[in-house]
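Visitor: Quick one: the structure is below, and I'll ask about it shortly.
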Amino acid sequence: MRRSKKPGYGSSGPARTVAAIAAGTCVAALLAACGPSAAPPDTGSATATPPSASASGTTNGTTSETATGAPTGTAVRPSATAGVTPTEPAPSATSPSRLPSPTASGWKTFTTSDRDLTFDYPGDWTVKDPAGTSPLGGMFVEVLNAAGKPMAVLQTKVVTGLECVQQYPFTVLDSEPMTVLAEKGVPNENVPRFMFETRGDASAPARTPETIAAYGITMIPEKVGTLECPIFLLFRWPPSGAMFGAVYDPANNATPVDPALPYLEKAKRYADTGEYRNIRRMITSLRPAG
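Counting from 1, position 255 in the sequence shown corresponds to residue 257 in my numbering; the numbering is continuous, with no gaps.
Here it is in structure tokens:
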């Protein structure tokens, strides 16, 4: 469900694997302020290298028509509003009525060719499988909207060895737990969650290595304060990790606002669009196949 939250900070915690989808096709560190370290526990130690942005392939996964309902899954200088208590009440996993409504109809269901994961997507969107080569042999699936713009990438067997060494002003635009992807025996605070988050300078006119917004699934708990480590788009999925999301890009993500607005303000406005609601429903529908 939708959540507006002021910038926050976590000063402690495990080493973080920082991974994201750049322009919907590449696996890369979101921010430059990351240095090498040991990989997080239980995720292995191999490092994923960026696949080619121009890679393409044929559809090998399975797509079926479905009448789906709610998603299966149950997100520089500090801004002047840092530390202000949000006026909107915190979301609850038991309040589905507050979820933003998707706008597309005729949804379909896609299952990866390894029969491991399934998700729902708008019927006029396209799933490309494979969309490139995964260095460790995992799935690499790209979802395009009706205009052929990349909306998200799903990739498995993804592991990097990067650690948070610098924090940035941040905002959580949207966040929701995804208990269907939780590992058995893992504490509730470490359950994967869908998020739409920002990092960096709220006045920056365009995306930079230090100012960025992204949506997808993460395993890092939400923080409270003024600063946070780089965005983390990775969750544990045997035998290593997986990701499903993308970096917000006004060139791909249709945002009907004044082009002169700062990059992070555009991201905030995008969270109110029908396209974003469809992306959110799609990503939060990710679940084990079968």
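Even glycine gets a Cβ: it sits at the ideal position worked out from N, Cα and C.
Kindly indicate which three-state DSSP category Met197 falls into: helix, strand or coil?
Guide: Residue mapping note: residue 197 aligns to position 195 of the sequence shown, counting from 1. In the structure shown, Met197 sits in a strand (DSSP, three-state: E or B).
Visitor: Near Ala291, which residues of its chain fall below 8 Å by C-beta distance, leaving aside the five closest residues on each side in sequence?
Guide: Taking the first residue of the sequence shown as 1, we reach residue 291 at position 289. Counting only Cβ-Cβ distances below 8 Å, and skipping sequence neighbours, we find Thr113, Thr114, Arg117, Asp118, Leu119, Thr120.
Visitor: State the DSSP-derived secondary structure class of Met284, mapped to helix, strand or coil.
Guide: Along the sequence shown, one-based indexing puts residue 284 at 282. The answer is helix: DSSP assigns Met284 an H, G or I state.
Visitor: Taking the C-alpha atoms as reference points, what is the distance between Met221 and Val143?
Guide: The count along the sequence shown starts at 1 and reaches residue 221 at position 219. The count along the sequence shown starts at 1 and reaches residue 143 at position 141. Answer to the nearest angstrom: the Cα atoms are 20 Å apart.
Visitor: Can you tell me which of the three DSSP states Gly276 falls into?
Guide: Position 274 of the sequence shown, counted from the start, is the residue given in the question as residue 276. Here Gly276 sits in helix by DSSP.
Visitor: Which whole-angstrom value is the C-beta distance of Tyr170 and Leu263, which I expect to be below 8 Å?
Guide: Here residue 170 corresponds to residue number 168 of the sequence shown, with the count starting at 1. Here residue 263 corresponds to residue number 261 of the sequence shown, with the count starting at 1. About 20 Å separates the two Cβ atoms, so there is no contact after all.
Visitor: Taking Gly150 as the reference, give the member of Gly140, Lys130, Phe172, Thr135 with the closest Cα.
Guide: What you label residue 150 is simply residue 148 of the sequence shown in a count that begins at 1. Cα-wise, what sits closest to Gly150 is Lys130.
Visitor: Between Trp127 and Val155, is the Cβ-Cβ spacing less than 8 Å?
Guide: Sequence index remark: in the sequence shown, residue 127 carries index 125 (1-based). Sequence index remark: in the sequence shown, residue 155 carries index 153 (1-based). Cβ distance not < 8 Å, so Trp127 and Val155 don't count as in contact.
Visitor: Closest by CA to Tyr278, which one among Asn147, Ala133, Glu185, Leu138?
Guide: Start at 1 with the first residue of the sequence shown, and residue 278 comes out as number 276. Of Asn147, Ala133, Glu185, Leu138, the residue nearest in Cα terms is Asn147.
Visitor: Grouping DSSP H, G and I as helix and E and B as strand, with all else coil, what is Thr68?
Guide: As a position in the sequence shown, residue 68 is number 66, starting the count at 1. Its pLDDT being 46, under 50, Thr68 is placed unreliably by the model, and the measurement read from it follows with that caveat. Of the three classes helix, strand and coil, the one that applies to Thr68 here is coil, per DSSP.
Visitor: Answer with buried or exposed for Ala208, where buried requires no fewer than 16 other C-beta atoms within 10 angstroms of its C-beta.
Guide: Taking the first residue of the sequence shown as position 1, residue 208 is located at position 206. Classification of Ala208: exposed, given that the 10 Å Cβ count is below 16.
Visitor: In whole angstroms, what is the alpha-carbon distance linking Ile285 and Leu183?
Guide: By 1-based counting over the sequence shown, the position of residue 285 is 283. By 1-based counting over the sequence shown, the position of residue 183 is 181. Going by the C-alpha atoms only, they are around 12 Å apart.
Visitor: Report the CB separation of Tyr250 from Ala216 in whole angstroms; it is logged as a contact under 8 Å.
Guide: Locating residue 250 in the sequence shown gives position 248, where the first residue counts as 1. Locating residue 216 in the sequence shown gives position 214, where the first residue counts as 1. Indeed, because the Cβ distance is near 6 Å, the residues count as touching under 8 Å.
Visitor: Tell me which same chain residues have a C-beta within less than 6 Å of the C-beta of Thr70, skipping the five on either side of it?
Guide: As a first step, residue 70 is located in the sequence shown; it is residue number 68 there, counting from the start. In this prediction, Thr70 has a pLDDT of 41, which is less than 50 and means its spatial position is unreliable; nothing more can be read from the coordinates.
Visitor: Could you give the distance in angstroms between the alpha-carbon of Lys270 and the alpha-carbon of Arg238?
Guide: Along the sequence shown, one-based indexing puts residue 270 at 268. Along the sequence shown, one-based indexing puts residue 238 at 236. Near 28 Å, if we compare the C-alpha coordinates of Arg238 and Lys270.
Visitor: Identify which residue in Met141, Met180, Pro132 has its Cα closest to the Cα of Pro240.
Guide: For the purposes of this step, residue 240 is taken as residue 238 along the sequence shown, with counting starting at 1. Checked all of Met141, Met180, Pro132; the closest Cα to Pro240 is Met141.
Visitor: When burial is assigned at 16 or more other CB atoms within 10 Å of the CB, is Asp260 buried or exposed?
Guide: By one-based count along the sequence shown, residue 260 stands at place 258. By the 10 Å Cβ count, Asp260 comes out exposed.
Visitor: According to the Cβ coordinates, are Thr213 and Leu266 closer than 8 Å?
Guide: Within the sequence shown, residue 213 is the residue found at index 211, counting from 1. Within the sequence shown, residue 266 is the residue found at index 264, counting from 1. Yes, these two residues count as a Cβ contact at 8 Å.
Visitor: Rounding to the nearest angstrom, what Cα-Cα distance links Pro194 and Glu185 in this structure?
Guide: Along the sequence shown, read from residue 1 onward, the residue named residue 194 stands at position 192. Along the sequence shown, read from residue 1 onward, the residue named residue 185 stands at position 183. Between Pro194 and Glu185, the C-alpha separation is close to 9 Å.
Visitor: Let me know if Pro124 comes out buried or exposed under the rule of 16 or more other beta-carbons within 10 Å of its beta-carbon.
Guide: As a position in the sequence shown, residue 124 is number 122, starting the count at 1. Counting Cβ neighbours within 10 Å, Pro124 comes out buried, since at least 16 surround it.
Visitor: Tell me the DSSP secondary structure of Lys186 in three-state form.
Guide: Walking along the sequence shown from the start, residue 186 turns up at place 184. Looking at Lys186 - three-state DSSP - the assignment turns out to be coil, as it is neither helix nor strand.
Visitor: Shortest alpha-carbon distance to Leu138 belongs to which of Val167, Lys159, Pro152, Met153?
Guide: In the sequence shown, residue 138 corresponds to position 136, counting from 1. It is Lys159 whose Cα lies nearest to the Cα of Leu138.
Visitor: Would Ile233 and Arg282 be called neighbours here (beta carbons separated by less than 8 Å)?
Guide: Translated into the one-based positions of the sequence shown, residue 233 becomes position 231. Translated into the one-based positions of the sequence shown, residue 282 becomes position 280. No; because the gap between Cβ atoms is not below 8 Å, this pair is not in contact.
Visitor: Please classify Tyr250: does DSSP put it in a helix, a strand, or coil?
Guide: Locating residue 250 in the sequence shown gives position 248, where the first residue counts as 1. Looking at Tyr250 - three-state DSSP - the assignment turns out to be coil, as it is neither helix nor strand.
Visitor: How would you label Pro38, buried or exposed, when you count the other beta carbons within 10 angstroms and need 16 or more for buried?
Guide: Locating residue 38 in the sequence shown gives position 36, where the first residue counts as 1. Note that Pro38 has pLDDT 32, beneath the 50 cutoff, so the model's placement of it is unreliable and the number below is only indicative. Answer is exposed; the Cβ neighbour count stays below 16.
Visitor: In whole angstroms, what separates the C-alpha of Glu178 from that of Met197?
Guide: Your numbering for residue 178 matches position 176 in the sequence shown. Your numbering for residue 197 matches position 195 in the sequence shown. Taking the straight line joining both Cα atoms gives about 7 Å.
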